[in-house]
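2 protein chains.
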Amino acid sequence: MEKPAAVAATIDEVSRDVGVGKDSLRVWERRYGFPQPIRGSNGERLYPDEQLERLRSISRLLDQGYRPGKVMALSVEQLDVLSAQLATGASVEAESSDNAVIAQMIAAVRSGRVDQFSGSLEQMLDRQGARQFILETAVPLLVQTGKAWACGQLSIYMEHLITQHVRAALNTAANSIDQSVTGPKVLLTTLPGERHGMGLLMVDLLLRAEGVETLSLGVETPIDQIIEACTDLQPQALALAFSAVQKRTAVIAALKELSDKIPEPLVLLAGGEGVSKLRAIPPRIRIVKSLDTINKVVASLRRDLKDVSAVG
Amino acid sequence: MEKPAAVAATIDEVSRDVGVGKDSLRVWERRYGFPQPIRGSNGERLYPDEQLERLRSISRLLDQGYRPGKVMALSVEQLDVLSAQLATGASVEAESSDNAVIAQMIAAVRSGRVDQFSGSLEQMLDRQGARQFILETAVPLLVQTGKAWACGQLSIYMEHLITQHVRAALNTAANSIDQSVTGPKVLLTTLPGERHGMGLLMVDLLLRAEGVETLSLGVETPIDQIIEACTDLQPQALALAFSAVQKRTAVIAALKELSDKIPEPLVLLAGGEGVSKLRAIPPRIRIVKSLDTINKVVASLRRDLKDVSAVG
DNA sequence: ATTCTTGTTTGTCTAGGACAAAGTGCTATA
DNA sequence: TATAGCACTTTGTCCTAGACAAACAAGAAT
Numbered sequence: 062m063e064k065p066a067a068v069a070a071t072i073d074e075v076s077r078d079v080g081v082g083k084d085s086l087r088v089w090e091r092r093y094g095f096p097q098p099i100r101g102s103n104g105e106r107l108y109p110d111e112q113l114e115r116l117r118s119i120s121r122l123l124d125q126g127y128r129p130g131k132v133m134a135l136s137v138e139q140l141d142v143l144s145a146q147l148a149t150g151a152s153v154e155a156e157s158s159d160n161a162v163i164a165q166m167i168a169a170v171r172s173g174r175v176d177q178f179s180g181s182l183e184q185m186l187d188r189q190g191a192r193q194f195i196l197e198t199a200v201p202l203l204v205q206t207g208k209a210w211a212c213g214q215l216s217i218y219m220e221h222l223i224t225q226h227v228r229a230a231l232n233t234a235a236n237s238i239d240q241s242v243t244g245p246k247v248l249l250t251t252l253p254g255e256r257h258g259m260g261l262l263m264v265d266l267l268l269r270a271e272g273v274e275t276l277s278l279g280v281e282t283p284i285d286q287i288i289e290a291c292t293d294l295q296p297q298a299l300a301l302a303f304s305a306v307q308k309r310t311a312v313i314a315a316l317k318e319l320s321d322k323i324p325e326p327l328v329l330l331a332g333g334e335g336v337s338k339l340r341a342i343p344p345r346i347r348i349v350k351s352l353d354t355i356n357k358v359v360a361s362l363r364r365d366l367k368d369v370s371a372v373g
Numbered sequence: 062m063e064k065p066a067a068v069a070a071t072i073d074e075v076s077r078d079v080g081v082g083k084d085s086l087r088v089w090e091r092r093y094g095f096p097q098p099i100r101g102s103n104g105e106r107l108y109p110d111e112q113l114e115r116l117r118s119i120s121r122l123l124d125q126g127y128r129p130g131k132v133m134a135l136s137v138e139q140l141d142v143l144s145a146q147l148a149t150g151a152s153v154e155a156e157s158s159d160n161a162v163i164a165q166m167i168a169a170v171r172s173g174r175v176d177q178f179s180g181s182l183e184q185m186l187d188r189q190g191a192r193q194f195i196l197e198t199a200v201p202l203l204v205q206t207g208k209a210w211a212c213g214q215l216s217i218y219m220e221h222l223i224t225q226h227v228r229a230a231l232n233t234a235a236n237s238i239d240q241s242v243t244g245p246k247v248l249l250t251t252l253p254g255e256r257h258g259m260g261l262l263m264v265d266l267l268l269r270a271e272g273v274e275t276l277s278l279g280v281e282t283p284i285d286q287i288i289e290a291c292t293d294l295q296p297q298a299l300a301l302a303f304s305a306v307q308k309r310t311a312v313i314a315a316l317k318e319l320s321d322k323i324p325e326p327l328v329l330l331a332g333g334e335g336v337s338k339l340r341a342i343p344p345r346i347r348i349v350k351s352l353d354t355i356n357k358v359v360a361s362l363r364r365d366l367k368d369v370s371a372v373g
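If you read the protein sequences in the order shown, they are chains A and B. The opening position of the first sequence corresponds to residue 62 in the numbering used here, with each subsequent residue numbered one higher. The opening position of the second sequence corresponds to residue 62 in the numbering used here, with each subsequent residue numbered one higher.
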């Protein structure tokens, strides 16, 4: 085993890889003394593999709620200890209820039995149907996967693999829904900066399982484009998905702008972790706290629709 | 029509929206005098709607090959003239061959007949089958959509809508492929920074239509993770997709690293616009120039596989 | 008609300073 | 015993202005 050729990554590559802004990388160096990249011929930072690895560990812990000041000075070993603590904490919780199946599926991926994993997924989908599959298999699976990754028990590529297979399964489910187009029309998307499309896809499916006609724009639609789409396509509702990464003030500002600029009868729905614990919610915005309340939301939409047509 | 409430976007929002780096926005201001945002209470840049609009036009033209020094000083009217010129240029080319159907589909979206558009898509898929649908409908449709967007003839949200429906159609196609798992195993992904997943999805489908067992990691897998995945999963080949946006030097460096670190018998495939006109290609990397040559690549993989098993 | 050379354009890097939003912890109130 | 208010600390992102390499353009020489 020769040592890898000590290739060093640029700040741009590191920023993308670890998921931390370039400014943050520089200010961490200034404040905490880590990372301390070597310099190229023109003074550019070049991060050695070893520091990159440590940065990845740190970033994982930051996602779990630790703060930079606490973890930045720690050695790789100490970081691993913290990860391990999180791992035991998570596994206690994992013993609950029926997620033995899910633990088994993750274990299959970890030991390289990918086809067995995807087989289990399809089997669950067959058995449970779209709605139950999403709520009781897909979501818990992704949550557990996230936890396992945060604890360093799962490689990034395994997380990618799991995500891809879940996505494929959801698409399979989408094709098996018989569209009886009798419901309201809902426009779906996320705001710029929100790149996670999985939640959106699940909402899309759940809505269609309820007989709703969905129109998805995919992720990251600029606000003015959302408004234009609402004007052109005249949906009954607009649904936005938020993951946990979002900045609160930006989210609220965006929701306020939508609430101001979108013509009145249209219902504005917002859901996802990034929005479920907001305080000051602009008027007209309806927060959907959980995926399993979507059927109630749809019922409410149907009622509104009937009222309007009764009046008109 | 009252004027919009003169809300102004921050540099971060503008950067994401227009797709231009923050540093570039600042240096454009310094060099060309545009944009010239107003300043907030602490000196932060706040870009008025009007400048944002102009930035979007400029960015479109930059994508088409114009250079900042030429277009930055131009007024909105002059920018529109350039866009119009591109539009006529494009339409001349569009008259060729059989893409009348495609023009019609785009026209349907423009006039709000979305269900008609998606109906046509499904119909084409039924008629053509996966392979032909991708090569003769999906790709030309996306290319034409890109051009129409570049000329300002298509809103961004319409492009999103088209992309989403094509994606859905491809997933439908994926489910209709009868997997006779007799072929080689291929690992699929893109490098960090490459966020376009459509090409990847199409390659995935084409490979599976040829009987290949594909394993997709989705987009943006870090290089060390790609290597780890290759070691763990032991595919016959690794396929990487590149769109046109990539930086050449970074692409070459990444390919070289993969070529160095990935164990020998594995075949390295690279495809997409971002890679088709590269000069200095690292050894072992095989460039796939076009989607319709994938069947030949598969044939070659099959041959290699047979040779190895004959020897072993 | 191609390759080489020179000059110009353009994106991204650097440094250190600044400030608001988010988090932490203490105190006073129902 | 909780909850709300208030100061204090931490942390991410923005600012300015300078520098340089990669990408491009255009002319020269094969």
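Backbone N, C-alpha and C define an ideal beta-carbon position, used for all residues, glycine too. Small disclaimer: the values here were computed from a predicted structure and weren't measured.
If distances are taken between C-alpha atoms only, which option among the options comes closest to residue i?
i	options	result
I323/B	I284/B, L186/B and E220/B	I284/B
I348/B	G333/B, S241/B, E281/B and D265/B	G333/B
E289/B	L222/A, E281/A, F95/A and R228/A	L222/A
V312/A	G335/A, L294/A and L330/A	G335/A
G126/B	A315/B, A360/B and V306/B	V306/B
G101/A	V137/A, L113/A, F95/A and I72/A	I72/A
V175/B	K308/B, H226/B, R256/B and T354/B	H226/B
A314/A	A300/A, P326/A, L135/A and L339/A	L339/A
A161/B	D239/B, Q205/B, A300/B and S179/B	Q205/B
I355/B	G104/B, L135/B, Q193/B and Y108/B	Q193/B
Y108/B	E74/B, D239/B and A270/B	E74/B
A235/A	Q240/B, R228/B, D239/B and S241/B	R228/B
A270/B	G260/B, L261/B, Q240/B and P253/B	Q240/B
R309/B	L261/B, L252/B and A300/B	L252/B
Throw me the rounded Cβ distance for the residue i and residue j pair, which I believe falls under 8 angstroms.
i	j	result
S320/B	P344/B	6 angstroms
L267/B	L352/B	6 angstroms
V167/A	P201/A	Looking at the sequence provided, one finds Ile at residue 167/A rather than Val. Contact doesn't hold; Cβ gap of about 11 angstroms is too wide.
P129/B	Q112/B	Not quite, the Cβ-Cβ distance comes to about 15 angstroms (not below 8 angstroms), so this is no contact.
L123/B	L140/B	Actually they are not in contact, since the Cβ atoms of L123/B and L140/B sit about 11 angstroms apart, beyond 8 angstroms.
If I measure Cβ to Cβ from residue i and keep anything under 6 angstroms in the same chain, skipping five residues before and after, which residues do I get?
i	result
A230/B	L182 and L186
Y93/A	M133
L215/B	A209
T337/A	Before going further, note that residue 337/A is Ser rather than Thr in the sequence given. Excluding positions up to five away in sequence, the list reads K350.
M219/A	V170
Near residue i, which residues of its chain fall below 7 angstroms by C-beta distance, leaving aside the five closest residues on each side in sequence?
i	result
V79/B	L116, R117 and S120
S4/B	This structure leaves residue 4/B out entirely; chain B is present only between 62 and 373.
L362/B	P245, Q297, A298 and V328
G279/A	T250 and G258
M263/B	I195, A199, L231 and L352
A294/A	The residue you asked about is not Ala; residue 294/A is Leu in the sequence shown. Hits under 7 angstroms: L248 and L276.
How many Å lie between residue i and residue j at the Cα?
i	j	result
T233/A	S277/B	16 angstroms
G173/A	A69/B	51 angstroms
A191/A	E197/A	10 angstroms
R106/A	T250/A	38 angstroms
Q165/A	R171/A	10 angstroms
F303/B	K367/A	49 angstroms
I346/A	W210/B	31 angstroms
A145/A	C212/A	6 angstroms
L330/A	K317/B	47 angstroms
V359/B	V273/B	8 angstroms
G207/A	Q177/A	20 angstroms
A341/A	W89/A	32 angstroms
I287/A	R188/A	37 angstroms
V137/A	D110/A	13 angstroms
Beta-carbon within less than 8 angstroms of residue i's beta-carbon, same chain only, minus the 5 sequence neighbours each way: which residues are those?
i	result
S237/B	A191
E255/A	V280, E281, A302, F303, S304, V306, Q307 and G335
T292/A	P324
task: Determine which residues of the segment 263 to 280 of chain B have a Cβ less than 7 angstroms from any Cβ of chain A, and write them out in chain order.
output: L276, S277, L278 and G279
message: By the 7 angstroms beta-carbon criterion, what residues does the segment 100 to 112 of chain A contribute toward chain B?
response: none
- request: Check distances from the C-beta atoms of the segment 317 to 339 of chain A to those of chain B and list, in chain order, the residues that come in under 8 angstroms.
  value: Of all residues in the segment 317 to 339 of chain A, E318, D321 and K322 have a Cβ within less than 8 angstroms of some Cβ in chain B.
task: Can you give me, in chain order, the residues of the segment 175 to 186 of chain A that have a beta carbon less than 7 angstroms from any beta carbon in chain B?
output: V175
task: Identify each residue in the segment 286 to 303 of chain B for which the Cβ-Cβ distance to at least one residue of chain A is less than 8 angstroms, and report them in chain order.
output: Q286, I287, E289, A290, D293 and L294
Residues of the segment 241 to 263 of chain B with Cβ closer than 7 angstroms to any Cβ of chain A, in chain order: P253 and G254
task: Taking only beta carbons into account, state which residues of the segment 199 to 226 of chain A come closer than 7 angstroms to chain B, listed in chain order.
output: S216, I217, Y218, H221, L222, T224 and Q225
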